[in-house]
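In the UniProt record's numbering, the protein residues as written are 1 to 243. Following: one structure in structure tokens, then a few remarks.
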Ligand code: ADP
Ligand code: MG
């Protein structure tokens, strides 16, 4: 199996506060890895380290075998390989839906406008938002905004998609439409690293589940292992609390 990401002995502190401690896990091509854990356990910081929005204090992040924390690595190139979807959408509110999906392509990938529009339409179609290309974000529901944010990330044709609680800011009735899109992406073989509180999604879609507790990976396994046969008491305790 081809490893796309391999995180080794990753550490991150804010001042004296050690937020991530000796994190080790990998993501293979075509895999969906879900990260679960209590609020404050370090999930977002981990994703932000993976896409270098935060600088780790130690360890390695191997992308296709190359440690992107080495000084000679082109982190701008690396970042174009990762798509990121945030809890709060982070759409450009003054741009319409189509523009949201083409500006990055034109600026960063140097795609022509026509090419960018073709690619954007392809992914807006995938997320079911191709009928809304002229709409501004404020005219859309939360679920629609998040689907546009997913299309925007996909339009960069990344190698891996990172999701940080993509449904946590949504009204309950809109969670399903976003999870459905994510499941479709997983079925198409997209490589995905997903921080989520949606345990049903993790059970159904994840190839592997990583449980984080206070800055460490307390347990990792298949959904079957983590949800039905957790080894660690703190995993059991977490699941009792949220299920
Ligand atoms: P989670 O996403 O699992 O809820 P976070 O990664 O957001 O957890 O946070 C983990 C810990 O790191 C928390 O204690 C949080 O307060 C701390 N933290 C996160 N970002 C910063 C920051 N920029 N500066 C200082 N502390 C931070
Ligand atoms: Mg978080």
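Just so you know, even glycine gets a beta-carbon here, dropped at the ideal spot from N, CA and C. All figures in this text were calculated on a predicted structure; none of them were measured in a lab.
Around the beta carbon of residue 45, a 10 Å sphere encloses 16 or more other beta carbons of the protein chains shown; the residue is thus reported as buried. Under the 10 Å beta carbon count, residue 51 is surrounded by 16 or more other beta carbons and is classified as buried.
Inclusion of residue 5 and residue 231 in the CB contact set at 8 Å is not warranted, their separation being larger than that value. Residue 188 carries a coil assignment under DSSP once its states are collapsed to helix, strand and coil. Residue pairing for residue 160: DSSP places it in a beta bridge opposite 82 and 191.
With contacts defined by Cβ atoms closer than 8 Å, residue 196 and residue 36 form a contacting pair. Taking all protein chains in view, the Cβ of residue 23 is crowded by 16 or more other Cβ atoms within 10 Å, so the residue is classified as buried. In this chain, the beta strand (DSSP E) harbouring residue 3 covers 3-14. According to the DSSP assignment, residue 46 belongs to the alpha helix (DSSP H) that extends over 43-50. Residue 229 and residue 62 have their C-alpha atoms roughly 30 Å apart. Under DSSP, residue 212 takes part in a beta bridge, and its partners are 37 and 217. Placement of the Cβ of residue 164 at a distance of less than 7 Å from at least one heavy atom of the ligand MG is found.
The beta carbons of residue 155 and residue 104 sit closer together than 8 Å. DSSP places residue 112 in no alpha helix (DSSP H); its state is neither H nor E. With contacts defined as CB atoms closer than 8 Å, residue 66 and residue 28 fail to qualify as a contacting pair. Straight-line spacing of the CA atoms in residue 106 and residue 120 works out to 11 Å.
Counting along the chain, the unbroken beta strand (DSSP E) around residue 20 starts and ends at 17-28. Below 8 Å, too few C-beta pairs join the stretch 70-80 and the stretch 89-100 to call them touching: fewer than three. Residues 96 of the same chain have their beta carbon placed closer than 6 Å to that of residue 136, with the five preceding and five following residues left out of the count. Between the alpha carbons of residue 108 and residue 69 lies a gap of roughly 21 Å.
Residue selection by CB proximity (closer than 5 Å to any heavy atom of the ligand ADP) returns 14, 19, 39, 40, 41, 42, 43, 44 and 45 in chain order. For residue 103, the three-state secondary structure derived from DSSP is helix.
Within the DSSP bridge table, the entry for residue 61 names 7 as partners. Residue burial annotation: residue 143 is buried, with at least 16 other C-beta atoms found within 10 angstroms of its C-beta. Of the residues 139, 80 and 94, the one whose Cα lies closest to the Cα of residue 110 is 80.
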